[in-house]
Every structure is written in C-alpha cells, then in structure tokens.
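Numbering (full-length UniProt numbering), first residue to last: 1 to 156.
First up is the structure itself, then whatever we jot down about it.
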C-alpha cells in the first residue's frame, strides 16, 4: 500500500518518526484511559463504544471481529455498556431478526465532549501543515493502519 515514489526519505526524519510514534501512541492511550475512567468504564469498553459512535449501529458479530474478541466476551462487554446506559440493543430495520448495538444519544454527545480537547488540539496541529503535507500525513496514517492491521491478521 506504500507509495512507489523513488524519492528517498531522509534517514534522520525516518528515525525521528520511528522514535516519536511509540510515545505518541502511549500518550493517546493515556488520554483514552483517562476518558474511560471518567466515563466509569474500562479501556476495552471504550473501544467498543468508540466503534458504535464513529460508525453507527453495528451487529455484535461485527464488534467482535473489530475488537478481536470472542462472541462470549463481546456479549459481556455489551451487557456492561448497556447496564451503564451507554449503548442499547435495537432491532435492525432491514432485518427484524438481527439486533444492532448503538450508542445512546446522550452517551454519544458526552463522549464527543470528552474528546473535544484532543480533537481541537489535533486539528490545530494539522493546521500548521500545508495541504500537501496534510495529504502525506494522511497517507502515512492510512497506510500504517492498514499494514498494522495486516500484522494482526498474521498473528496466530
């Protein structure tokens, strides 16, 4: 998925990026953990809630696949999130036999508010780059996400 551009990357820049990514990811994890604590849930439950906030109502099987959890584990997670009033089970309008998990509207707004500072800071940081640089950053993140997920698929 990486570009076939023949322009060599600056070794110093590659090293700086490689060294900066782990602490940046750790900092984002710490923000997620703080938000989860504030919401009274664990980080794994927050990941589930995030999926239904970002992508809308999803079947439990899809959540299980995305979060790499067993069907039993995802059922317990959904039960916990339902008990805390953050998600609800709803019938699929297209297939009444199927149940979808969706974020409760108030919980969605609450989580968007909690992530507001991080979103504002990220957008402000990106505003400091040209449109062309933003495209490169976007391509790097999209490619890295794809390649990292591929590593997970290779894991036994």
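Even glycine gets a Cβ: it sits at the ideal position worked out from N, Cα and C.
Since this is a predicted model, take the numbers as computed values, not measurements.
When 72, 148, 102 and 94 are compared, the shortest CA-CA separation from residue 81 is found for 102.
Ranking 120, 99 and 86 by CA distance to the CA of residue 105 puts 86 first.
Going by DSSP, residue 103 is part of no alpha helix (DSSP H) but of the beta strand (DSSP E) stretching over 99-103. Residue 89 carries a strand assignment under DSSP once its states are collapsed to helix, strand and coil. Sequence-distant partners of residue 98 (beyond 5 residues in either direction) whose C-beta falls short of 7 Å from its own C-beta, in its chain, are 59 and 92. For residue 46, the three-state secondary structure derived from DSSP is helix.
With a threshold of 16 other beta carbon atoms within 10 Å, residue 64 meets it and is buried.
Close CB contacts of residue 144 within its chain, under the 7 Å cut and outside five residues either way in sequence, are absent.
CA-to-CA, the gap between residue 41 and residue 111 works out to about 12 Å. For residue 80, the enclosing alpha helix (DSSP H) stretches over residues 71-83. For residue 137, the enclosing alpha helix (DSSP H) has its first and last residue at 131-154. Judged by DSSP secondary structure, residue 68 falls outside any alpha helix (DSSP H); it is assigned neither H nor E.
In this structure, the straight-line span from the alpha carbon of residue 139 to that of residue 74 is close to 32 Å.
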